[in-house]
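Chains A and B are the protein sequences, given in the same order. Just so we're aligned, residue 1 is where the first sequence starts under our numbering, counting upward by one. Just so we're aligned, residue 1 is where the second sequence starts under our numbering, counting upward by one. Please read the structure below before turning to the comments.
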Amino acid sequence: MENVQSLPVRSGWTFLNTRSPGDWLYVLALIAGAAYAMVQYGAYMDEYEKAILVLSVPTFGWLGWRWSPIRSLLAAVAVVSLLAISMYQSDLGRAEDVFLLKYFVSSQSAIMWMSVLFFLATFCYWAGLLSGSSFAGSSGTVLTWCAVLLGTSGLLVRWYESYLLGPDIGHIPVSNLYEVFVLFSVMTALFYLYYEQRYATKHLGGFVMVVISAAVGFLLWYTFEREAHEIQPLVPALQSWWMKIHVPANFIGYGTFSLAAMTGFAYLIKNSASAGSQKGASALWAAALALALLLALEAVVFRKSGSSVFWLAYFAVFATIFGAMVAARHAIAARLPAVEILEDLMYRSIAVGFAFFTIATILGALWAAEAWGAYWSWDPKETWALIVWLNYAAWLHMRQMKGLRGAPMAWWALAGLLVTTFAFLGVNMFLSGLHSYGQL
Amino acid sequence: MNSPRSAALELLSSMRFAVSLLTIIAVASTIGTVLKQNEPYSNYLEQFGPFWFPIFANLGLYSVYSAWWFLVILGFLVVSTSLCLWRNAPRMLRETRRFQDSLREKGFDNFSQRATYSTSLPPEQARERLAAYLNAEGFSIRETRREQSTLIAAQAGMHRRWGYVLAHSAIVLICLGGLADSEALLKFQLFSGSKKPVNGNMRLADVPEESRLPVGNMSFRANMMVPEGRSADQAVLAVGDGLLVQELPFSLSLKKFIIEHYSTGQPRLFASEVMVTDKDTGKSFDARIEVNKPLVYRGVTVYQASFDDGGTLVKLQARNMAGGRENPGMIEARVGETLPLQFGGAAFQLEMTGFRPFNIENIAPDQAVPADATGSLAARMRNGLGAAARPDAHKEVRNVGPSYQYKLRDAAGQAREYHNYMLPLQVDQRWYMMTGMRSLPSESFRFLRIPLDDAGSLDEFSRLRDALFDASLRREISRRFLAGAANSPDMSETVRTRLDETVVRVLDTFGRNGFQSVAEFLDKAVPEAEREAAAGIYLRVLQGAAWEAWMIARERAGLKRLVADEAHARFVQDALSAVSDTFFYGTPLYLQMSGYEEVKASVFQLTRSPGKNIVYSGCLLLVLGIFAMFYVRERRLWLLVKASGEVKFAFSPNRPALDMSEEFERHRNKIPQILS
Chain A
1 MENVQSLPVR SGWTFLNTRS PGDWLYVLAL IAGAAYAMVQ YGAYMDEYEK
51 AILVLSVPTF GWLGWRWSPI RSLLAAVAVV SLLAISMYQS DLGRAEDVFL
101 LKYFVSSQSA IMWMSVLFFL ATFCYWAGLL SGSSFAGSSG TVLTWCAVLL
151 GTSGLLVRWY ESYLLGPDIG HIPVSNLYEV FVLFSVMTAL FYLYYEQRYA
201 TKHLGGFVMV VISAAVGFLL WYTFEREAHE IQPLVPALQS WWMKIHVPAN
251 FIGYGTFSLA AMTGFAYLIK NSASAGSQKG ASALWAAALA LALLLALEAV
301 VFRKSGSSVF WLAYFAVFAT IFGAMVAARH AIAARLPAVE ILEDLMYRSI
351 AVGFAFFTIA TILGALWAAE AWGAYWSWDP KETWALIVWL NYAAWLHMRQ
401 MKGLRGAPMA WWALAGLLVT TFAFLGVNMF LSGLHSYGQL
Chain B
1 MNSPRSAALE LLSSMRFAVS LLTIIAVAST IGTVLKQNEP YSNYLEQFGP
51 FWFPIFANLG LYSVYSAWWF LVILGFLVVS TSLCLWRNAP RMLRETRRFQ
101 DSLREKGFDN FSQRATYSTS LPPEQARERL AAYLNAEGFS IRETRREQST
151 LIAAQAGMHR RWGYVLAHSA IVLICLGGLA DSEALLKFQL FSGSKKPVNG
201 NMRLADVPEE SRLPVGNMSF RANMMVPEGR SADQAVLAVG DGLLVQELPF
251 SLSLKKFIIE HYSTGQPRLF ASEVMVTDKD TGKSFDARIE VNKPLVYRGV
301 TVYQASFDDG GTLVKLQARN MAGGRENPGM IEARVGETLP LQFGGAAFQL
351 EMTGFRPFNI ENIAPDQAVP ADATGSLAAR MRNGLGAAAR PDAHKEVRNV
401 GPSYQYKLRD AAGQAREYHN YMLPLQVDQR WYMMTGMRSL PSESFRFLRI
451 PLDDAGSLDE FSRLRDALFD ASLRREISRR FLAGAANSPD MSETVRTRLD
501 ETVVRVLDTF GRNGFQSVAE FLDKAVPEAE REAAAGIYLR VLQGAAWEAW
551 MIARERAGLK RLVADEAHAR FVQDALSAVS DTFFYGTPLY LQMSGYEEVK
601 ASVFQLTRSP GKNIVYSGCL LLVLGIFAMF YVRERRLWLL VKASGEVKFA
651 FSPNRPALDM SEEFERHRNK IPQILS
């Protein structure tokens, strides 16, 4: 005789019950900050923007509870940004006079420091990977955190500066290629740092930081050659609160897809070194060259501008770096995390990216319905977003349903970087459409 | 399973087929991003030539995303996803409720993640403790008592399966909603011949019934231009290279179109103040439509899409650019109008094509850039630091005033297009009227710079030009020029005669085709070695002669002689360049705007998209589904508590993953503690 009984599921309050006083203090600080912003600047916000502000409290609260370093980052960002803002005293001209402002915390200076720190972090991670020194690896982590801190503060201060330029010009700094490149670097680094802690390995830093360094290289060129860092007012099509959530959501996607691609590259290096097959190695060499070409993609388009030396050097540097990775694969492979970890990381970052890319594309559609009159117009940027989405949807299907694993998936994730980069940059450069914002 | 039908079903609902479809859609989509879509057919004809143009047209490449084959592929995606859902969903959902409580002791050995313990606790207590632990861990459990043992079957995260159902039904919903909003119905009407687009120019009122879409049309996307002070109740759909007219349930009258700019010149605001009148009830209300703030009324959404000129009245002073005394006088024309003109015995058609009330341009000369901003790397580094905006930005943007465009078409039908500015522009500290000309729309405008005189008018330029072309004045010009040049006493009579001939020849030559004919003459008549020196002499002679011609013309008009200073010398140089360029101006008329009454027009996009809410709900399901699939961890575990004190444990996640292995380790280490 079988006696069957079912018991209820555990209550969802456990998550809240197990919180420490520090957790609650953190949330209180968030609430206080949001309340202050609401009282101080509520008059300048519309209802949607107020809703975004209110919802940012649970969002960051949840993030901080899940991953505590976020709290220290937010606190530090608040200190640096508020310091800069207080020094401005509502006068943009003070960026030239006040020492701390001019060389450290004004938006451009902070972003330049971010660039330097990302380069240094890349160097440290590589030193750590090649020498096995844990000090070098930890330095890489610290430098990356500092770069994230300065990049985030730089963006926030830039936001403030845009209002100093004129109350009607002020806007969130996610409106042009320059600003989103900073956002991309910061997002990718943050996701990397999360996984670094989650999987307790510092040896992937070198791989991920190469992509960030490439982005920073572009950023520097864009600043010094094109003076793209100057704040431009928003054309009417961009004057929408949708922008505040559509763009960051997109960059979670772009960032994690790049992370997955570089993890895929690390996987392939480890795989080829352990298999010892010469065939795999030549494919890797080709991939290294292709990656360098991909990162120097902009060169092809901007060669008219006469600064081809910069791009040749850019290409040479990255070709050397990727080449060195392949050449040193036997030395590196032993230190890289286990293939299971690499596979898991690849899957996780693609899953996060896919989820947020879906949200971003949907938000884009909602915005498009308001601005362009149709939620989907087959504009080149939209279409390429769909192609990226389809690519990763297929990747996830193959992994989840067919259980496909190993080198093919890593190659596919790496190839995904090509599609993603084209959607992110190529479309802006080669194809014209509604996203080019030249006109109304 | 062996019949062809079930084989086809099998294929359609298979993963392989679905992933292939995703790939095919991705590839097909790129075509539309590489080839610009929905351009006028003439552009494609020009691009591909007469051979490829119709082939590509038949393949639907000019509007890939509404081509039949693309819709068929999307249809397959819907079918494949639906079949996949239909085959898998019921089973998957059934399993969420079903505990796998039939596991026997031997079955435990089939799991790779398993453990065996022994406990000294009484079985009942062990069972209770384990059940409590699993509950706290978020598992729902079912206990099955057998004779010598109790099986605890536990499962968690079973709603992950709902994620699968949600995400896949979302795809079907989104595709169906998109289909409702697509041009599918319209395509069918065009295909069956019940609707026919009109080609060519036709007034909206004359469009026949077969090219009109009724008010009740469920789904459309159309454009409508409304000039200020006018109203419209019909919108236009572009279909291939023809048009269809969409009737609206209301009329829209534009009270005012507003355009504002930032101080930097970029547009800040486009807004239309409209009055909407319902055609059925006759009731009216006011509304404001902005970019990002559309108006929704009776299921139609009205967007600010663009703006245009609504028929600005332009007052033009026509000036004679050829020699001769004929003065054409004043013309008034509205933008969009075509007027006949008679001039110099020839007939022209004036087509006013455009008007812009302001043109904001960056006119900072390069030297205004601080020297260090473009200089050394260090200097550029400095420029890249600090605030991301500078109060002293080295840009000077200025509104250079209204501009207007028109075409002059001659009797042979050849048109030249002109682009003029109403106000003079300053170049190198001197003022000019700018008029641009091109013969083909693909060319860029070449600008003629006409210098302004001391009074800021074109009168002195006209006077100088008329005198230059007046053949009866040449002897007198030469005489005066020689009198001025004859200060040197040693000039012989032969030199004097040769100089006189030169003056007349230079004026004759210049009068034929400007500097170009002078250059051609020099190429023919002067040996190469001396050409440069001769050109210098000819230029000086021409400038001196032009000055005398101007002064003679002033005397005859009863005006006094001017001082021969630097500024006037520059004027003569500029005037000669301008006169020389008029030979390439195409027509003898320069139309200078003296005033205007602006009428703006707003261009709206009007849509009715019944599928929108279906698509949006699909999107919501998609997000919920994706998060459920990725972040709900589905796993089952079993504990067999035997009366002997032996406890068997097995763990089975729905997919192998690192966090699942970690969870297994955690349970495996925790269970002995619970049992001790």
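Glycine included, every Cβ here is placed at the ideal spot set by N, Cα and C.
Interface partners of residue i on chain A, CB under 8 Å
{"i": "Gln37(B)", "result": "Trp378"}
{"i": "Lys612(B)", "result": "Ala369, Tyr375"}
{"i": "Gly311(B)", "result": "Under the 8 Å cutoff, chain A gives no residues; its nearest Cβ is about 20 Å from Gly311(B)."}
{"i": "Gly178(B)", "result": "Trp376"}
{"i": "Pro294(B)", "result": "Glu370, Gly373"}
Per-residue contacts from residue i into chain B (C-beta, under 9 Å)
{"i": "Val116(A)", "result": "Those do not exist, as Val116(A) stays about 11 Å from chain B at its closest Cβ, beyond 9 Å."}
{"i": "Ser464(A)", "result": "Missing from the structure shown is residue 464(A); chain A here goes from 1 to 440 and no further."}
{"i": "His397(A)", "result": "Met15, Ala18, Val19, Leu22"}
Partner residues on chain B for residue i, Cβ-Cβ distance less than 8 Å
{"i": "Arg158(A)", "result": "Ala388"}
{"i": "Ala393(A)", "result": "Leu22"}
Chain-ordered chain A contacts of residue i [CB-CB under 7 Å]
{"i": "Arg655(B)", "result": "Gln400"}
{"i": "Leu658(B)", "result": "Glu340, Ile341, Asp344"}
{"i": "Thr281(B)", "result": "Per Cβ cutoff of 7 Å: no residues; Thr281(B) is ~26 Å from chain A at best."}
Beta-carbon neighbours of residue i, restricted to chain A and to distances below 9 Å
{"i": "Ile25(B)", "result": "Leu386, Ile387, Leu390"}
{"i": "Val615(B)", "result": "Ala365, Tyr375, Trp376"}
{"i": "Gln605(B)", "result": "Trp372, Gly373, Ala374"}
Under the three-state DSSP convention, the category residue i falls into
{"i": "Asp659(B)", "result": "helix"}
{"i": "Thr421(A)", "result": "helix"}
{"i": "Ser517(B)", "result": "helix"}
{"i": "Leu61(B)", "result": "helix"}
{"i": "Leu407(B)", "result": "A quick correction: the sequence has Lys, not Leu, at residue 407(B). DSSP places Lys407(B) in strand when its eight states are reduced to three."}
{"i": "Ala368(B)", "result": "Per-residue confidence for Ala368(B) stands at a pLDDT of 37, beneath the threshold of 50, marking its modelled position as unreliable; no derived number is given."}
{"i": "Lys315(B)", "result": "strand"}
{"i": "Gly12(A)", "result": "Reliability fails at Gly12(A), whose pLDDT of 49 lies under 50, so the model's placement of it is uncertain and the value that follows must be treated cautiously. DSSP places Gly12(A) in coil when its eight states are reduced to three."}
{"i": "Asp379(A)", "result": "coil"}
{"i": "Lys106(B)", "result": "helix"}
{"i": "Asp470(B)", "result": "coil"}
{"i": "Leu7(A)", "result": "Here the model assigns Leu7(A) a pLDDT of 41, short of 50, so the residue's position is not dependable, and the following value carries that caveat. In this structure, Leu7(A) counts as strand in the three-state DSSP scheme."}
One or two residues paired with residue i in a DSSP bridge
{"i": "Val427(B)", "result": "Arg430(B)"}
{"i": "Met437(B)", "result": "Tyr418(B), Arg446(B)"}
Chain-ordered neighbours of residue i on chain B, where CB pairs are closer than 7 Å
{"i": "Leu102(A)", "result": "A quick correction: the sequence has Lys, not Leu, at residue 102(A). Leu385, Gly386, listed in chain order."}
{"i": "Thr383(A)", "result": "Ser29, Gly32, Thr33"}
{"i": "Ile172(A)", "result": "Neighbours of Ile172(A) on chain B: none; closest Cβ ~13 Å, over 7 Å."}
{"i": "Ser109(A)", "result": "Leu385, Gly386"}
Contacts that residue i makes with chain C (C-beta to C-beta distance below 8 Å)
{"i": "Arg221(B)", "result": "The structure shown has no chain C; the protein chains it does contain are A and B."}
Can you pull out the residues from the region 244-274 of chain B whose beta carbon lies closer than 8 Å to at least one beta carbon of chain A? Tyr262, Ser263, Thr264, Gln266, Pro267, Arg268, Leu269, Phe270
Residues of the region 621-635 of chain B with a CB closer than 7 Å to any CB of chain A: list them in chain order, please. Leu622, Val623, Ile626, Phe627, Phe630
Positions along the region 136-150 of chain A whose CB lies within less than 8 Å of some CB in chain B: none
Run through the region 155-213 of chain B for me and flag every whole beta strand (DSSP E) of 3 or more residues, listed as ranges in chain order. none
Can you check the region 254-309 of chain B for any beta strand (DSSP E) of at least 3 residues that lies completely inside it and give the ranges in chain order? 267-278, 284-290, 295-297, 300-309
Relative to chain B, which residues along the region 227-239 of chain A have a C-beta separation below 9 Å, given in chain order? Glu227, His229, Glu230, Ile231, Gln232, Pro233, Leu234, Val235, Pro236, Ala237, Leu238, Gln239
Give, in chain order, every unbroken run of the alpha helix (DSSP H) that is at least 4 residues long and sits entirely within the region 63-95 of chain A. 69-88
Please list, in chain order, the residues of the region 340-359 of chain A that have any C-beta partner in chain B closer than 9 Å. Glu340, Ile341, Glu343, Asp344, Leu345, Tyr347, Arg348, Ala351, Val352, Phe354, Ala355, Thr358, Ile359
Would you list, in chain order, the members of the region 191-223 of chain A that have their beta-carbon closer than 7 Å to a beta-carbon of chain B? Thr223
Compile a chain-ordered list of the residues in the region 235-269 of chain A whose CB is closer than 7 Å to at least one CB of chain B. Val235, Pro236, Ala237, Gln239, Ser240
Just to confirm the assignment: which complete beta strand (DSSP E) runs, minimum length 3, are found wholly within the region 122-186 of chain A? none
Compile a chain-ordered list of the residues in the region 70-99 of chain A whose CB is closer than 7 Å to at least one CB of chain B. Leu92, Gly93, Ala95, Glu96
Name, going along the chain, the residues of the region 55-73 of chain B whose beta-carbon falls closer than 7 Å to a beta-carbon of chain A. Tyr65
Can you list the alpha helix (DSSP H) stretches of 4 or more residues lying completely in the region 39-66 of chain A, in chain order? 47-66
Check each residue of the region 17-34 of chain A: if its Cβ is closer than 8 Å to any Cβ of chain B, include it; give the result in chain order. none
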